[in-house]
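Since the structure comes first, as structure tokens, the remarks are kept for the end.
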Amino acid sequence: MSTPYRVALTGGIGSGKSTIAEQFSSLGVPIIDSDFIAREIVKPGQPALDIIINVFGKEILTENGELDRLKLRETVFANEPARIKLEHILHPIIYEEIDKQSSEINFPYCLIVVPLLIETREWKRFNRILLVDTIEENQIKRASIRDGLPIETIENILKSQASRQERLKYVDDIIDNNVEIDKLGPIIQNLHQTYLDCSNNNINN
Ligand code: ADP
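Here the sequence shown stands for residues 1 to 205, numbered as in my numbering.
In structure tokens:
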């Protein structure tokens with residue numbers, strides 16, 4: 001079995017990554033979710049949690065021994081060396097799992113959802129980058145309704161992420177998600193065909 005063509009799906013908070021991944025999934029495209037992997041690898045008993053405890057101390061755990069994700073996020077939010085340290089622990093494990101999952105796929109291409117692809121400068125790991133582009137006003141509105149969080153919280157997360165202009169420099173394809181969801185079908189169908197063609201060329205080259 002050959003490795004499938006790897007398309008990274010990225011975009012800021014509330015841009016519509018999960019919504020669009022679902023639509024690709026309904027076409028039969030295998031989806032790998034890096035956020036899900038990031039949560040799985042820090043569960044109790046997983047090696048990444050032991051490394052995090054060694055570096056950040058037991059204070060980073062909840063009373064029942066699970067990783068206190070909020071506390072960890074607060075610890076690294078305004079502390080760049082700590083954030084870099086955490087990334088150095090997690091990213092190799094996340095990408096190892098992404099590689100493992102993609103090697104088990106029996107489909108010409110797969111979609112890998114990587115929210116912070118541009119911020120972490122990991123684009124070279126993929127054959128193609130697809131950006132979900134949504135104006136900030138829509139991102140803030142949609143994410144705050146989805147998560148039941150105040151607008152200011154979403155605005156702060158947005159400020160910590162790459163800007164739309166920055167993202168646009170690195171992407172191959174863009175889905176403009178400022179439209180009604182039911183308008184996305186033909187756009188996704190077109191991209192699906194493009195990725196099938198690309199994967200075919202990839203095998204033949
Ligand atoms: P992400 O995964 O990028 O954080 P989601 O796909 O979860 O974003 O979308 C955020 C919220 O916005 C969800 O509640 C989703 O249903 C809604 N949403 C996504 N796309 C649209 C759209 N085109 N029109 C209206 N709501 C949308």
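By construction, the Cβ of each residue, glycine as well, lies at the ideal position given by its N, Cα and C atoms.
Runs of the alpha helix (DSSP H) spanning 4 or more residues and lying entirely within the region 102 to 167 occur at 136 to 147 and 151 to 160, in chain order. Assigned with DSSP and collapsed to three states, Asp35 falls in helix. The beta carbon of Leu86 is closer than 6 Å to those of Val76 in its chain, skipping five residues each way along the sequence.
About 5 Å separates the beta carbons of Ile13 and Ala143, which is inside the 8 Å limit, making them a contact pair.
According to the DSSP assignment, Leu49 belongs to the alpha helix (DSSP H) that extends over Pro47 to Phe56. Within 10 angstroms of the beta-carbon of Pro47 lie fewer than 16 other beta-carbons, which makes it exposed. Ranked by Cα distance from Glu152, the options Arg164, Leu111, Ala8 and Glu136 are led by Glu136. Between the ligand ADP and Gly11, a heavy atom-to-CB distance of less than 8 Å is present.
Between the alpha carbons of Gln165 and Leu116 lies a gap of roughly 15 Å.
Assignment of beta-bridge partners to Val7 by DSSP yields Leu111 and Arg128.
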